[in-house]
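Undergrad: For the sequence shown, the residue numbers in numbering that gives the first Met the number 0 are 0 to 243.
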Amino acid sequence: MREVILAGLNVVSDGLFMDNAYIHMRNGKIVAVGKNDNTSFPAHVPIRTYDKDTTALPGFIDVHIHGGYGVDVMDANEDVFTTLGEKLPTEGTTAYLATTITSSKDRTVQALQQCAQSVKKLGSAELLGVHLEGPFIHPDKRGAQPLEHIEPANVEMFAEFQRAADGTIRIVTLAPEIEGANKLLQKCIDERVITSIGHTTVEYETLEQLVQDEPMHVTHLYNAMPGLHHRRPVSSGQHLRSLH
0 MREVILAGLN VVSDGLFMDN AYIHMRNGKI VAVGKNDNTS FPAHVPIRTY DKDTTALPGF
60 IDVHIHGGYG VDVMDANEDV FTTLGEKLPT EGTTAYLATT ITSSKDRTVQ ALQQCAQSVK
120 KLGSAELLGV HLEGPFIHPD KRGAQPLEHI EPANVEMFAE FQRAADGTIR IVTLAPEIEG
180 ANKLLQKCID ERVITSIGHT TVEYETLEQL VQDEPMHVTH LYNAMPGLHH RRPVSSGQHL
240 RSLH
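Printed below as a string of structure tokens:
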């Protein structure tokens with residue numbers, strides 16, 4: 000059994016900041032966190048002492064990452080996830096959603112199948128599933144997404160993607176004004192998949208009604224959507240208004 004106590008550092012936990020705190024770890028898992036003041040530690044457990052300038056906080060969860068460090072999720076090979084699993088923790092990210100880009104259906108299926116295989120393998124940074132960005136977006140707000148592969152919202156295509164991903168699609172970026180969006184939105188609700196509004200021309204009033212019915216995420220706020228306007232509320236304004 001591997002066991003260690005990290006002592007004397009600052010700790011952020013459950014929204015609280017503790018100075019001169021400790022973290023007790025056993026077999027790679029945190030078993031206790033607390034103040035270091037007059038705390039008696041088990042004699043058999045080694046203590047690693049830090050200075051007051053060291054702060055420990057929960058790892059970040061990146062819900063929108065296409066790759067990095069020379070690899071791309073759409074490359075659809077195991078090396079992508081090995082690299083991300085090794086490199087992301089060095090920058091504080093301990094879990095992530097592999098994010099696709101609009102591409103041909105065959106290439107997307109291949110990427111999703113590889114994601115599904117990699118989800119089942121342990122890594123330093125945990126692959127939690129997939130963020131499907133595209134193809135169900137508005138062409139006018141496509142940004143860097145390839146126009147030739149953009150599709151109307153399609154429940155059958157989404158179901159095929161979800162099968163390829165072995166049920167691991169967690170977030171879908173969707174432009175709610177495009178053809179078929181309402182049916183796909185309901186499909187996501189039924190499967191407990193989070194809808195993320197993005198690459199969209201949707202207006203404030205339409206989005207206001209949608210967020211009343213179902214909580215939603217937003218894909219890269221302000222980018223690839225109508226910009227804030229001093230006289231006209233827009234979708235980005237609705238996203239800000241819905242924060243609470």
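All C-beta atoms, glycine included, are put in the ideal place defined by N, C-alpha and C.
Kindly indicate which residue of Leu173, Lys51, Ile60, Asp139 has the alpha-carbon position closest to the one of Pro88.
TA: It is Ile60 whose Cα lies nearest to the Cα of Pro88.
Undergrad: If you draw a straight line from the alpha carbon of Gly27 to that of Glu2, how long is it in whole angstroms?
TA: Their Cα atoms are separated by approximately 8 Å.
Undergrad: Here's the rule: buried if 16 or more other CB atoms are within 10 angstroms of the residue's CB, otherwise exposed. What is Val151?
TA: Before going further, note that residue 151 is Pro rather than Val in the sequence given. With fewer than 16 other Cβ atoms within 10 Å, it is exposed.
Undergrad: What's the call for Gly128, buried or exposed, on a 16-neighbour Cβ count within 10 Å?
TA: Gly128 is buried by the Cβ-count criterion.
Undergrad: For the beta strand (DSSP E) containing Phe16, list its first residue and its last residue.
TA: Its beta strand (DSSP E) spans residues 15 to 25.
Undergrad: Distance, Cα to Cα, Leu126 vs Leu96?
TA: Cα to Cα, Leu126 sits roughly 6 Å from Leu96.
Undergrad: Could you name the residues of the same chain whose beta carbon sits closer than 6 Å to that of Met215, not counting the 5 residues immediately before and after it, in chain order?
TA: Answer for Met215: Thr194, Ile196, listed in chain order.
Undergrad: Considering only DSSP beta bridges, list what Tyr318 is partnered with.
TA: Examination of residue 318 is not possible in this model, given that the chain is present from 0 through 243 alone.
Undergrad: Measuring alpha carbon to alpha carbon, tell me which of Leu184, Arg141, Thr167 ends up nearest Asn222.
TA: Among Leu184, Arg141, Thr167, the Cα nearest to that of Asn222 belongs to Arg141.
Undergrad: Counting Cβ pairs closer than 8 Å, one from the stretch 33 to 42 and one from the stretch 66 to 86, do we hit at least three?
TA: Too few Cβ pairs lie closer than 8 Å, so no.
Undergrad: Can you list, in chain order, the residues of its chain with a C-beta nearer than 6 Å to that of Thr93? Leave out the 5 residues immediately preceding and following it.
TA: Same-chain partners within the cutoff: Gly58, Ala124.
Undergrad: Return helix, strand or coil for Gly142, following the three-state DSSP convention.
TA: Of the three classes helix, strand and coil, the one that applies to Gly142 here is coil, per DSSP.
Undergrad: Would you kindly report the start and end of the unbroken beta strand (DSSP E) that includes Ala31?
TA: 28 to 34 is the span of the beta strand (DSSP E), which, as asked, contains Ala31.
Undergrad: Using beta-carbon positions only, say whether Leu173 and Ala164 come within less than 8 Å of one another.
TA: No, these two residues do not count as a Cβ contact at 8 Å.
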